[in-house]
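Novice: Let me begin by handing over the structure; questions about it come next.
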Amino acid sequence: MTKNSKTALKSATGVPGLDEVLGGGLPKNHLYLLQGKPGTGKTTLALQFLLEGVREGESVLYVTFSETKVELDAVAESHDWDLSGVSILELSALSATLGNANENTLFHPSEIELSQTIKVLLDKVEEIKATRVVFDSISELRLMAESSFRYRRQMLSFKEFFIGRNSTVLFLDDLTTEAGDLHVQSIVHGVLLLEKFRASYGVERRQFHIIVIFPRLVSGETKVPFEKGRVTSGLPELDSLLGGGLDRGSSSLILGPAGTGKSTICIRYASAAAERGLKVAYYSFEESTDNIVGRSNELGIDLQKYIDQEKITIRKIDPAELTPGQFTSLVLGANNDGAEMIIVDSLNGYVHAMPEQQFLLLQLHELLSYLGNRGVITVMVLAQAGIMGRMESPLDLTYLADTVIVTRFFEAFGRIRKAISVIKKRGGPHEETLREFRVGQGGIVVGPVLEQFSGIFTGTPTYSGDRENILPNEETVEEKLR
């Protein structure tokens, strides 16, 4: 059976990411249960399911036990949807149908005789030949049945009725029962669960982001052949530390306290990659695009030129407004558009965007593996707490990265200086040394190996020898570059 023929046997949900997870949609002619507490988006997803049926030319029916058509129209209007092609059956209007002329149009579901109600529903399905049906929600059916035996018997009757009429049915359940509805779960063909997490600050997080769903990466299925190579920074001393530069398909982590030049190193490699014709996607969790471009100008790097040439794309990411799934989708989109270098500055913001940090390492591992399999160079920044001496990281990511670059402050001769070292590189040699480096107008200066120092990572090293290997206090970056 071909892929297209398999897809023809499924009903697309209208949610691209969910259809991808389901392999094209929900298998047709079955019953499904969509569970979620109030506010998780069940009604919205159900409407998307029906609207997709309308686009496919199908007859669709929305059966509502509680919400009115006006309320459903309001939901649709908020998403700019048109429900004119959706048949809506309001059970609040069943008084006239059942001959209860003296009853209000709004009444408790237990006041309706279950058998009469079900007859009206099934007659409507027969009348319009509905191939997609949504029941919102079965909580009211459960109340009308009064006993679990009658409730289960009615659900089995539903299954028999709809399967014989080639209908795909979605039952909505608001999880009002303590242990969930196991009666329905044992009858339906599949169960979808919507969950929502409320962050202490920022937007609410849903496991299923309504309208777009972000599937989990499967890195092993994305390996594509790519040409091996390296990207150099143009600074011989820095490239020497890294054993020649950054390898294609590798991931690099730059560690260090604030102010040690981590972002500056990223800017240097971004401009060097763009100069060689590579497309770069730069994601900044802390600084705006204007600040990054302004900083690059102070370094003598015209980043705006590469932005105008569409070789570098800079995007400011707000961790309070973006979930990890959305960020991963952005990165994949950039790679699909041809980005060969991805810069994440910094992972501290990515950590804050992840409600469950125990899943962060797994998600980051999948992302790095995916990009590595496609030959993408990934550069990540992780700020550490502290100024000198012992550094504290929000989490240990060193084992995930292929290359780990460490930056540190140290004090020598009455001045706060910076040191840089590479402590790890998979798949190749690198310098096992420490070098001083300085950032200023005109660019980055990397000094010689600090051979006559010991204890630099403590912040207060000991020094034996002369000052020939130390960058002079009065020397400017411009003088060093001449």
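Residue numbers for the sequence shown follow the numbering used here, beginning at 185 and rising by one.
Cβ coordinates follow ideal geometry from the N, Cα and C atoms, glycine included.
Model, not experiment: these values are computed from the prediction.
Do you know how far the Cα of G559 is from the Cα of K412?
Specialist: Answer to the nearest angstrom: the Cα atoms are 8 Å apart.
Novice: Closer than 8 Å by C-beta to V368: which residues in its own chain qualify, once you throw out the five before and the five after it? Chain order, please.
Specialist: Here the set comprises L217, I322, M339, F355, D357.
Novice: Let me know the beta strand (DSSP E) ranges lying completely inside the stretch 299 to 369, each 3 residues or longer, listed in chain order.
Specialist: Whole beta strand (DSSP E) segments, 3+ residues: 316 to 320, 352 to 357.
Novice: Between the stretch 573 to 589 and the stretch 439 to 458, do at least 3 Cβ pairs fall closer than 8 Å?
Specialist: Because the criterion of three Cβ pairs below 8 Å is met, the stretch 573 to 589 and the stretch 439 to 458 touch.
Novice: Would the stretch 474 to 483 and the stretch 447 to 460 be scored as touching if the rule is three or more Cβ pairs under 8 Å?
Specialist: Yes: at least three Cβ pairs fall under 8 Å.
Novice: Using the rule of at least 16 other Cβ atoms within 10 Å of the residue's Cβ for burial, across every protein chain shown, is F333 buried or exposed?
Specialist: Result: exposed.
Novice: Taking the continuous alpha helix (DSSP H) assigned at Y534, which residues delimit it?
Specialist: Its alpha helix (DSSP H) spans residues 531 to 536.
Novice: In three-state terms, what does DSSP make of F469?
Specialist: Correct three-state label for F469: coil.
Novice: Using only the alpha-carbon positions, how far apart do R390 and V375 sit?
Specialist: Note on R390: pLDDT 48, under 50, position unreliable in the model; no value is reported.
Novice: Identify the continuous alpha helix (DSSP H) that holds K446 and give its terminal residues.
Specialist: Looking at the DSSP string, the run of the alpha helix (DSSP H) that includes K446 is 446 to 459.
Novice: Compute the beta-carbon to beta-carbon distance between I589 and V606, rounded to the nearest angstrom, for a pair I have assumed lies under 8 Å.
Specialist: With 8 Å as the limit, I589 and V606 qualify as a contact, their Cβ atoms being about 6 Å apart.
Novice: Give the DSSP bridge partners of F637, in chain order.
Specialist: F637 pairs with Y647.
Novice: Are there 16 or more other CB atoms within 10 angstroms of the CB of N350, so buried, or fewer, so exposed?
Specialist: Burial call: exposed.
Novice: Assuming Y467 contacts I496 under a Cβ cut-off of 8 Å, what Cβ separation, rounded to an integer in Å, is found between them?
Specialist: Not a contact, Cβ separation roughly 12 Å.
Novice: Quick one: Cα of R622 to Cα of E635, how far?
Specialist: Spanning the two alpha carbons is a distance of roughly 17 Å.
Novice: Can you check which of these residues, M564, L462, S455, S268, is closest to R239 by C-alpha distance?
Specialist: Measuring from the Cα of R239, the nearest candidate turns out to be S268.
Novice: At a cut of 8 Å, does the stretch 304 to 311 reach the stretch 201 to 219 through at least three beta carbon pairs?
Specialist: Flag = no, the stretch 304 to 311 and the stretch 201 to 219 do not touch.
Novice: In three-state terms, what does DSSP make of I600?
Specialist: Strand, per DSSP.
Novice: Where does A280 sit, in a helix, a strand or coil, going by DSSP?
Specialist: Confidence is the limiting factor: at A280 the pLDDT is only 43, short of 50, which leaves the residue's position unreliable, though a coordinate-based value still follows. Here A280 sits in helix by DSSP.
Novice: Rounded to whole angstroms, what's the CA-CA distance from S530 to E261? Just pull it up for me.
Specialist: C-alpha separation (whole angstroms): 38 Å.
Novice: Considering only their Cβ atoms, is the gap separating K446 from T591 smaller than 8 Å?
Specialist: Yes, the pair counts as a contact, with Cβ atoms nearer than the cut-off.
Novice: Would you tell me roughly how many angstroms separate the C-alpha atoms of H549 and D431, rounded to the nearest one?
Specialist: So the alpha carbons of these two residues sit roughly 18 Å apart.
Novice: Just to confirm the assignment: which complete beta strand (DSSP E) runs, minimum length 3, are found wholly within the stretch 478 to 536?
Specialist: Entirely contained in the stretch 478 to 536, the beta strand (DSSP E) runs reaching 3 residues are, in chain order, 496 to 500, 523 to 529.
Novice: Would DSSP call S189 helix, strand or coil?
Specialist: Reliability fails at S189, whose pLDDT of 49 lies under 50, so the model's placement of it is uncertain and the value that follows must be treated cautiously. Of the three classes helix, strand and coil, the one that applies to S189 here is helix, per DSSP.
Novice: Less than 8 Å between the C-beta atoms of K380 and T224, yes or no?
Specialist: In this structure, T224 lies closer than 8 Å to K380 by Cβ.
Novice: Taking the alpha-carbon positions, what's the A603 to T360 distance?
Specialist: Each residue's Cα considered, the two are about 59 Å apart.
Novice: Could you compute how far the alpha carbon of K194 sits from the alpha carbon of G208?
Specialist: Approximately 6 Å, taken between the alpha carbons.
Novice: Let me know if L551 comes out buried or exposed under the rule of 16 or more other beta-carbons within 10 Å of its beta-carbon.
Specialist: By the neighbour-count rule (16 or more Cβ atoms within 10 Å), L551 is buried.
Novice: Using a Cβ-Cβ cut-off of 7 Å (strictly less than) and excluding sequence neighbours within five positions of G533, which residues of its own chain qualify?
Specialist: Result list for G533: F469, E470, I501, P503, in chain order.
Novice: Assign P211 to one of three DSSP states: helix, strand, or coil.
Specialist: Residue state, collapsed to three classes: strand.
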